[in-house]
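**Q**
Protein chains: 2
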Amino acid sequence: MKLEEPQALNAFGALSQETRLRMVRILVQAGPEGMAAGAIGDAVDASSSSASFHLAHLERAGLIQSRRESRSIIYSANFEGLSGLVEFLMRDCCSGHPEVCIPAAAVAVECCMPAGAKENACAR
Amino acid sequence: MKLEEPQALNAFGALSQETRLRMVRILVQAGPEGMAAGAIGDAVDASSSSASFHLAHLERAGLIQSRRESRSIIYSANFEGLSGLVEFLMRDCCSGHPEVCIPAAAVAVECCMPAGAKENACAR
DNA sequence: CCATAATTTCAATAATTGTTGAGATATTGA
DNA sequence: TCAATATCTCAACAATTATTGAAATTATGG
Chain A
1167 MKLEEPQALN AFGALSQETR LRMVRILVQA GPEGMAAGAI GDAVDASSSS ASFHLAHLER
1227 AGLIQSRRES RSIIYSANFE GLSGLVEFLM RDCCSGHPEV CIPAAAVAVE CCMPAGAKEN
1287 ACAR
Chain B
1167 MKLEEPQALN AFGALSQETR LRMVRILVQA GPEGMAAGAI GDAVDASSSS ASFHLAHLER
1227 AGLIQSRRES RSIIYSANFE GLSGLVEFLM RDCCSGHPEV CIPAAAVAVE CCMPAGAKEN
1287 ACAR
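Chains A and B, in that order, are what the protein sequence lines are. Following the numbering used here from start to finish, the first sequence increments by one per residue and tops out at 1290. Following the numbering used here from start to finish, the second sequence increments by one per residue and tops out at 1290.
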């Protein structure tokens, strides 16, 4: 997802708060299944009201999404939004400077290549 | 540069403000030469006092750096800090999820490959 | 339909962040 | 040394953002 500056500002603001950053991390780990609002609140030690506030903030910022499942509201990471933010940072904010993009590419390779494939990922 | 969570929080906070985000963008464009505080303030339409406040904020967050050059204070982008933030986002925050890393890798290739080399960057 | 569970909403308050203008510092050229 | 330039610092104020607890909403099983 291509982010424009106002959306990027929102996303940075959403991630600039400890409780919310921890929520995102937990939801990324949880994967597409997601977690119920209450469980997230417990995991980050926030009251139900505070958890609700921060989850709404993250959802407005496009970093997570929600669905109802019976009595619970299940939140999950929005990987499109998260990758949009990484892209914004690399492309729009850092103007594609090699000092930023080369390390990023290295992380991408390190994280996403099947184990043992690093050495000759380009050789097949 | 490897960022820990508190530094990442600071960096996100620094980028979550319009004036500061514009300052970073301008300084990235300006490259290692940088720009004088006054020129940056003019470029983003901020009073000297406000510019000083925001530049100090960005410097504390490790996204820019400063040096004195005669009467002026020259600020320039800190590419290590910026790339550290991209890395944090990909690795620590998004746990290296392919949904985030694959698009990032694509941006890295698109931005950093010498023109015309995209097609067969892996073929040599 | 009722009692309960999960979550959100709201208003009051607290805390953090940003703006402004006046004055303080540092540097230079005359 | 003096006047001028560039920038920073500080305190007062304004604005935004976060926390709290109570009440409202939505859904479910009995």
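Ideal Cβ placement from N, Cα and C applies to all residues, glycine included.
1. Buried or exposed: where does B/G1151 fall if 16 or more other Cβ atoms within 10 Å of its Cβ makes it buried?
2. Under a Cβ-count criterion, where at least 16 other Cβ atoms within 10 Å of its own Cβ denotes burial, should B/I1268 be classed as buried or exposed?
3. Using a 10 Å radius around the Cβ and a threshold of 16 neighbouring Cβ atoms, would you call B/E1253 buried or exposed?
4. In the structure shown, what three-state DSSP assignment does A/E1235 receive?
5. How long is the line joining the alpha carbons of B/A1222 and A/R1234, rounded to whole angstroms?
6. At a CB distance below 9 angstroms, what residues from the segment 1240-1261 of chain B approach chain A? Give them in sequence order.
7. Mind pulling the alpha helix (DSSP H) runs of 4 or more residues that sit fully within the segment 1187-1216 of chain A?
8. Would you kindly check if the distance between the Cβ of B/V1266 and the Cβ of A/L1248 is under 9 angstroms?
9. Check whether the Cβ atoms of B/G1228 and B/A1177 lie closer than 9 angstroms to each other.
10. Tell me whether the beta-carbon of A/Q1231 lies closer than 9 angstroms to the beta-carbon of A/S1242.
11. Per the contact definition of three or more C-beta pairs closer than 8 angstroms, is the segment 1181-1191 of chain B in contact with the segment 1208-1217 of chain B?
12. Can you check whether the CB of B/E1276 is closer than 9 angstroms to the CB of A/G1262?
13. Counting only C-beta atoms, is A/I1230 closer than 9 angstroms to chain B at any point?
14. Below 6 angstroms CB to CB, which residues in the same chain sit around B/S1182 once its five sequence neighbours on both sides are set aside?
15. With the cut-off set at 9 angstroms, would you say B/S1214 and B/G1200 are in Cβ contact?
16. Starting from the C-beta of A/P1194, find all residues in its chain whose C-beta is less than 6 angstroms away, skip the five residues before and the five after it, and write them out in chain order.
17. Just the Cα atoms here: how many angstroms apart are A/S1216 and B/I1192?
18. In angstroms with no decimal places, state the Cα-to-Cα distance between A/C1278 and B/S1236.
19. Can you tell me which residues form a DSSP beta bridge with A/A1243?
20. At a CB-CB cut-off below 9 angstroms, which residues of chain A make contact with B/V1190?
21. For B/A1180, which residues of its own chain have a beta-carbon under 7 angstroms away from its beta-carbon, when the five flanking residues on both sides are left out?
22. Helix, strand or coil for A/H1223? Go by DSSP, reduced to three states.
23. How many Å lie between A/H1220 and B/I1206 at the Cα?
24. Could you give the distance in angstroms between the alpha-carbon of B/P1172 and the alpha-carbon of B/C1259?
25. For A/E1246, which residues in the same chain have their Cβ closer than 6 angstroms to its Cβ, ignoring the five residues on either side in sequence?
26. List the residues of chain B whose Cβ lies closer than 9 angstroms to the Cβ of A/I1268, in chain order.
**A** Straight from the coordinates:
1. There is no way to answer for residue 1151 of chain B, as the model of chain B reaches only from 1167 to 1290.
2. Counting from one through the second sequence, the residue named residue 1268 of chain B turns up at place 102. By the 10 Å Cβ count, B/I1268 comes out exposed.
3. Stepping through the second sequence from its first residue, residue 1253 of chain B is reached at position 87. By the 10 Å Cβ count, B/E1253 comes out buried.
4. Counting from one through the first sequence, the residue named residue 1235 of chain A turns up at place 69. Note: A/E1235 maps to strand in three-state DSSP.
5. For the purposes of this step, residue 1222 of chain B is taken as residue 56 along the second sequence, with counting starting at 1. For the purposes of this step, residue 1234 of chain A is taken as residue 68 along the first sequence, with counting starting at 1. Their backbone Cα atoms lie some 44 angstroms apart in a straight line.
6. Within the segment 1240-1261 of chain B, the qualifying residues are A1243, F1245, E1246, L1248, S1249, G1250, L1251, V1252, E1253, L1255, M1256, R1257, D1258, C1259, C1260, S1261.
7. Along the segment 1187-1216 of chain A, the alpha helix (DSSP H) occurs as fully enclosed runs of 4 or more residues at 1203-1210, listed in sequence order.
8. Locating residue 1248 of chain A in the first sequence gives position 82, where the first residue counts as 1. Locating residue 1266 of chain B in the second sequence gives position 100, where the first residue counts as 1. Pairing A/L1248 with B/V1266 gives a Cβ-Cβ distance under 9 angstroms.
9. Translated into positions along the second sequence, residue 1228 of chain B becomes position 62. Translated into positions along the second sequence, residue 1177 of chain B becomes position 11. For B/G1228 and B/A1177, yes; Cβs fall inside 9 angstroms.
10. In the first sequence, the residue the question calls residue 1231 of chain A occupies position 65. In the first sequence, the residue the question calls residue 1242 of chain A occupies position 76. Remark: C-beta atoms of A/Q1231 and A/S1242 approach each other more closely than 9 angstroms.
11. Using a Cβ-Cβ distance cut-off of 8 angstroms, the segment 1208-1217 of chain B and the segment 1181-1191 of chain B are in contact, since at least three pairs of beta carbons, one from each stretch, lie closer than that value.
12. Taking the first residue of the first sequence as 1, we reach residue 1262 of chain A at position 96. Taking the first residue of the second sequence as 1, we reach residue 1276 of chain B at position 110. In this structure, the beta-carbon distance from A/G1262 to B/E1276 falls below 9 angstroms.
13. Reading the first sequence from its first residue, position 64 is the one you call residue 1230 of chain A. Judged by the 9 angstroms Cβ criterion, A/I1230 is not in contact with chain B.
14. Within the second sequence, residue 1182 of chain B is the residue found at index 16, counting from 1. For B/S1182, where only same-chain residues beyond five positions count, there are no Cβ hits under 6 angstroms.
15. Your numbering for residue 1214 of chain B matches position 48 in the second sequence. Your numbering for residue 1200 of chain B matches position 34 in the second sequence. Not in contact: B/S1214 and B/G1200 (Cβ atoms no closer than 9 angstroms).
16. The count along the first sequence starts at 1 and reaches residue 1194 of chain A at position 28. The displayed chain sequence assigns Val, not Pro, to residue 1194 of chain A. Hits under 6 angstroms: A1243.
17. In the first sequence, the residue the question calls residue 1216 of chain A occupies position 50. In the second sequence, the residue the question calls residue 1192 of chain B occupies position 26. Straight-line Cα distance between these residues: approximately 37 angstroms.
18. Within the first sequence, the letter at position 112 stands for residue 1278 of chain A. Within the second sequence, the letter at position 70 stands for residue 1236 of chain B. When rounded, the distance between both Cα atoms is 48 angstroms.
19. For this step, residue 1243 of chain A is matched to residue 77 along the first sequence. A/I1230.
20. Working through the second sequence from its first residue, we reach residue 1190 of chain B at position 24. Within 9 angstroms of the CB of B/V1190, the CB atoms of chain A belong to C1259, C1260, in sequence order along the chain.
21. Working through the second sequence from its first residue, we reach residue 1180 of chain B at position 14. R1186, H1223, L1224, A1227, L1229, listed in sequence order.
22. Counting from one through the first sequence, the residue named residue 1223 of chain A turns up at place 57. For A/H1223, the secondary structure class from DSSP, reduced to helix, strand or coil, is helix.
23. Here residue 1220 of chain A is taken as the residue at index 54 of the first sequence, counted from 1. Here residue 1206 of chain B is taken as the residue at index 40 of the second sequence, counted from 1. Each residue's Cα considered, the two are about 34 angstroms apart.
24. Against the second sequence, residue 1172 of chain B aligns to sequence position 6. Against the second sequence, residue 1259 of chain B aligns to sequence position 93. The alpha-carbon atoms of B/P1172 and B/C1259 are separated by roughly 13 angstroms.
25. Position 80 of the first sequence, counted from the start, is the residue given in the question as residue 1246 of chain A. Apart from the 5 residues on each side of it in sequence, A/E1246 sits with its Cβ closer than 6 angstroms to the Cβ of M1167 in its chain, given in chain order.
26. Counting from 1 along the first sequence, the entry for residue 1268 of chain A is found at position 102. The contacting residues are S1249, A1274, C1278.
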